[in-house]
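Accompanying notes for the structure given below.
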Amino acid sequence: MKIITLTYPISLSEIELNDQSLSIAIGHFDGVHKGHQQVISKAVSTAKANGLASAVMTFDPHPKAILGQGEQYVQCITPLSTKTSLFEQLGVDYVFIVKFDSNFSKITPDEFVTNILKTLHVVNVVVGFDFRFGVGGSGNPEIMRQLCEPSIQVDVIEAFIIDGVKVSSTVIRECLESGDIERANHLLGRNFEVEGTVVQGDQRGRTIGFPTANLRLHAPYITARLGVYAIIAHLGNKKYYGVMNHGMKPTFYEKDIAPVMEAHLFDFSKDIYGEKMTIEVVQFLRSERKFDGIAALIEQLRLDADQALKLLQQT
Numbered sequence: 205m206k207i208i209t210l211t212y213p214i215s216l217s218e219i220e221l222n223d224q225s226l227s228i229a230i231g232h233f234d235g236v237h238k239g240h241q242q243v244i245s246k247a248v249s250t251a252k253a254n255g256l257a258s259a260v261m262t263f264d265p266h267p268k269a270i271l272g273q274g275e276q277y278v279q280c281i282t283p284l285s286t287k288t289s290l291f292e293q294l295g296v297d298y299v300f301i302v303k304f305d306s307n308f309s310k311i312t313p314d315e316f317v318t319n320i321l322k323t324l325h326v327v328n329v330v331v332g333f334d335f336r337f338g339v340g341g342s343g344n345p346e347i348m349r350q351l352c353e354p355s356i357q358v359d360v361i362e363a364f365i366i367d368g369v370k371v372s373s374t375v376i377r378e379c380l381e382s383g384d385i386e387r388a389n390h391l392l393g394r395n396f397e398v399e400g401t402v403v404q405g406d407q408r409g410r411t412i413g414f415p416t417a418n419l420r421l422h423a424p425y426i427t428a429r430l431g432v433y434a435i436i437a438h439l440g441n442k443k444y445y446g447v448m449n450h451g452m453k454p455t456f457y458e459k460d461i462a463p464v465m466e467a468h469l470f471d472f473s474k475d476i477y478g479e480k481m482t483i484e485v486v487q488f489l490r491s492e493r494k495f496d497g498i499a500a501l502i503e504q505l506r507l508d509a510d511q512a513l514k515l516l517q518q519t
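Right under this line is the structure:
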């Protein structure tokens with residue numbers, strides 16, 4: 205898979221496509237959830253059936269963050285590096301990352317089709333039913349169909365429904381914020397995960413028999429509910445079961461601190477400072493709370509570990 209960054213206006217001379225025609229899925233695709241997968245898979249299957257190259261066009265940063273329509277969109281379910289990896293797993297040949305800036309935000313729907321899609325030799329476009337494009341979101345799938353005729357085929361994918369609810373990034377964000385990790389994972393089609401570097405914390409965990417790896421995140425992930433979770437941690441090519449506390453450690457701090465993610469891995473004692481770790485968040489176990497003393501905290505940590513291990517062994 206080849207990743208190409210585009211800044212508008214684009215110059216085809218800077219892009220090596222070998223004169224290939226494209227079947228392309230377009231969207232921000234935060235989460236690359238089951239609904240997004242339908243859109244992308246359609247572009248890939250159409251490419252295979254018609255001898256085309258398959259592609260995804262996404263935007264960075266999130267358009268709503270640039271347009272001032274929501275500070276929450278600075279935070280993400282899947283950072284760009286994770287999105288591109290998931291696109292590759294879906295069989296995509298090219299990923300176009302369009303720099304969403306004030307210049308790009310001003311293009312009209314007609315300019316989007318003429319100066320971007322046609323310039324890239326797109327012959328098939330796949331979008332979701334609620335896709336918007338062009339200045340002020342003035343373009344929709346029907347307008348795209350009209351502008352693309354007759355040279356570009358436009359496929360519109362309807363809402364993907366699970367348990368009577370439309371799968372969307374917004375719903376998944378709400379699930380993560382409320383601690384409904386199981387539902388978020390079901391809508392994503394995989395476990396929600398975060399990636400970061402292991403850094404030194406206050407090292408209190410090792411003194412009470414529960415050493416933890418503190419994670420400095422690599423991206424501004426959506427803030428999941430504070431509490432304790434059953435997790436699967438990935439270090440190198442190995443995975444480990446464990447529990448993670450995401451919180452402000454009220455037993456030890458009188459005042460609120462910035463939330464910390466600290467993972468305790470079962471049967472693990474290596475020094476991993478500076479190493480990259482990916483954590484799959486499997487299930488919410490309990491809310492964070494303040495304990496009366498160290499003994500009560502240790503007892504609860506043992507119960508958390510037992511509950512997490514039983515749960516993870518069943519997955």
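Converting from the sequence shown to this note's numbering requires adding 204 to each position, the first position being numbered 1. Note that CB positions come from ideal geometry on N, CA and C, so glycine has one too.
Anticipated Cβ contact below 8 Å, residue i with residue j, distance rounded
i	j	result
L294	I361	Their Cβ separation, rounded to whole angstroms, is 14 Å, which puts L294 and I361 out of contact at 8 Å.
F495	L501	4 Å
P267	H232	7 Å
V302	L210	5 Å
F364	G255	Incorrect: roughly 28 Å between the Cβ atoms, too far for contact.
I483	M452	Their Cβ separation, rounded to whole angstroms, is 18 Å, which puts I483 and M452 out of contact at 8 Å.
E292	M205	4 Å
Under the three-state DSSP convention, the category residue i falls into
i	result
R506	helix
L221	coil
V317	helix
L516	helix
E346	helix
E381	helix
G338	coil
Q279	coil
T288	helix
H390	helix
L294	coil
Close-in-space but distant-in-sequence residues of the same chain around residue i (CB under 7 Å, 5 per side omitted)
i	result
V219	A small fix is needed here, since residue 219 is Ile in this sequence, not Val. Around I219: I208.
Q279	P424, Y425, I426, T427
Q487	I385, E386, Y433, A434, L515
Y444	A437, L469, F470, F472
I320	I214
R414	The residue you asked about is not Arg; residue 414 is Phe in the sequence shown. H468, L505.
G235	I281, T282, S373, I376, L392
L439	I476, E479, M481
L351	P313, D314, V317
Q511	L489
Bounding residues of the beta strand (DSSP E) (the contiguous stretch that carries residue i)
i	result
T482	480-490
V299	298-303
V260	257-264
K442	442-451
G400	396-403
E466	464-469
T209	206-210
D359	357-361
Contact set for residue i: own chain, Cβ-Cβ below 8 Å, skip 5 residues either direction
i	result
C379	I385, R387, A388, L391
K246	A229, V330, D359, I361
G405	T416, N418, V464, E466
Contacts around residue i, its chain only, beta-carbon distance under 6 Å, and the 5 residues preceding and following it disregarded
i	result
F316	F337, G338
G343	P313, F337
Q357	N328
D264	L284, I301
Beta-ladder partner(s) of residue i, from DSSP
i	result
R420	T401
Y433	M448, F488
V375	Beta-bridge pairing links V375 to no other residue.
S227	S258, N328
Y425	C280
I366	V369
L191	Summary: the structure shown does not reach residue 191, with the chain confined to residues 205 through 519, and so no result is reported for it.
L439	K442
Boundaries (first-last residue) of the alpha helix (DSSP H) holding residue i
i	result
Q242	238-254
L324	Segment: none, L324 is in no alpha helix (DSSP H) and carries neither H nor E.
F308	306-309
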